[in-house]
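Numbering (the working numbering), first residue to last: 2 to 217. Virtual Cβ for every residue (Gly too), placed ideally from N, Cα, C. Please read these numbers as outputs of a predicted model, since none were measured by experiment.
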Amino acid sequence: MTDATLPKPSRPARSYRWIGLAAAAVLVGAMAFDTTAVRIGSQADVQVQKFSPEAFGAEQFPLIKQSIETRAVDAAELSAAIAADKKAAGEKYGVATSVGPVIPVKFTGVAGEHKANYNTVTVEGLPAELSVRVQTGPALNGTDLRDATGQIEFGQFKNQIEYQDAGSAINNEVKKVVLAGIDPAALNGKTVTVIGAFKLVNPKNWIVTPVRLDVK
């Protein structure tokens with residue numbers, strides 16, 4: 002029998018063991034290279050990335066307040082513009098939403114009795130048929146402040162729940178910052194100056210969410 006017909010010696014088991022260990026070492030090294038260590042509480046921590054309505058409201062309310070105060074239209078001027086052309090007035094003074102424009106407004110008047118989270122305000126120079134109500138709590142409804150600047154949009158949030166929570170959080174800031182020292186039941190008969198925003202749906206019924214409310 003010639004050498005060509007002799008069976009080749011098998012590779013020692015030890016060689017396969019070393020090959021396996023080497024491959025494992027390469028794999029571990031690659032995984033380590035591709036892995037980033039994340040410190041708990043750091044910006045990369047998933048917990049930090051979770052949406053916080055409270056933090057969002059506290060951050061956004063001062064910006065919203067400043068925007069509304071800067072753009073607020075005198076109520077008498079606004080009422081006349083709406084009476085002349087509701088659509089044109091909304092486009093000129095407001096920020097469009099799917100329901101109606103949100104318009105910043107300012108006025109001074111005499112507050113009425115507190116009912117169902119509102120105080121009516123009688124404003125000189127406005128038509129008698131126009132009802133002006135200011136949200137004074139304890140509950141604040143709607144998303145008028147969230148929508149008042151046009152800078153907060155649905156696409157910035159994970160889902161509809163977060164979007165709604167953002168609006169509620171901003172309203173909660175109104176309670177803390179604007180209404181905390183005010184007793185709505187004690188406003189009846191007092192002169193108030195209000196800066197806020199309302200959604201123009203019914204031109205004869207303004208429901209204003211305040212960003213500033215001064216009592217004389």
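| task | Pick out whichever of 94, 193, 205 has its Cα sitting closest to the Cα of residue 122. | result | The residue you call residue 122 lines up with position 121 of the sequence shown. Considering only alpha carbons, the answer is 193.
| message | Any heavy atom of the ligand SAM closer than 6 Å to the beta-carbon of residue 107? | response | Among the ligands in the structure shown, none appear at all, so the ligand SAM cannot be discussed.
| field | Contacts around residue 151, its chain only, beta-carbon distance under 6 Å, and the 5 residues preceding and following it disregarded | value | On the sequence shown, residue 151 is found 150 positions in, with the first residue counted as 1. Around residue 151: 96.
| field | Sufficient close CB pairs (3 or more, under 8 Å) joining the segment 175-187 to the segment 158-165 | value | Here the segment 175-187 does not lie against the segment 158-165, with fewer than 3 beta-carbon pairs under 8 Å apart.
| task | Give me whichever residues DSSP pairs with residue 214 in a beta bridge. | result | By 1-based counting over the sequence shown, the position of residue 214 is 213. Beta-bridge partners of residue 214 (DSSP): 195.
| request: Answer yes or no: do residue 258 and residue 106 have a C-beta to C-beta separation smaller than 7 Å? | output: This structure cannot speak to residue 258, because the chain is shown only from 2 to 217.
| query | Mind checking residue 142: buried by the 16 CB within 10 Å criterion, or exposed? | reply | Stepping through the sequence shown from its first residue, residue 142 is reached at position 141. Result: exposed.
| message | As a quick exercise: from 154, 202, 51, pick the residue whose alpha carbon is nearest that of residue 131. | response | In the sequence shown, counting from the first residue as 1, residue 131 sits at position 130. Cα-wise, what sits closest to residue 131 is 202.
| Under the three-state DSSP convention, the category residue 132 falls into | Residue 132 sits at position 131 when you count from the first residue of the sequence shown. In the three-state DSSP reduction, residue 132 falls in the strand class (E or B).
| Does the distance from the C-beta atom of residue 212 to that of residue 197 stay below 7 Å? | Within the sequence shown, the letter at position 211 stands for residue 212. Within the sequence shown, the letter at position 196 stands for residue 197. Contact: yes.
| query | From residue 172 to residue 72, what does the alpha carbon distance come to, in whole angstroms? | reply | Along the sequence shown, one-based indexing puts residue 172 at 171. Along the sequence shown, one-based indexing puts residue 72 at 71. Cα-Cα distance, rounded: 19 Å.
| request: Drop a sphere of 10 angstroms on the beta-carbon of residue 66, count the other beta-carbons inside from all chains shown, and report buried for 16 or more, exposed for fewer. | output: For the purposes of this step, residue 66 is taken as the residue at position 65 of the sequence shown. Looking at its Cβ environment, which holds 16 or more other Cβ atoms inside 10 Å, residue 66 is buried.
| field | Helix, strand or coil at residue 219 according to DSSP, with G and I counted as helix | value | A query on residue 219 cannot be resolved here, the shown segment of the chain reaching from 2 to 217 and no further.
| task | Mind checking which residues open and close the beta strand (DSSP E) that includes residue 1? | result | Absent from the model: residue 1. The displayed extent of the chain is 2 to 217, so no value can be given.
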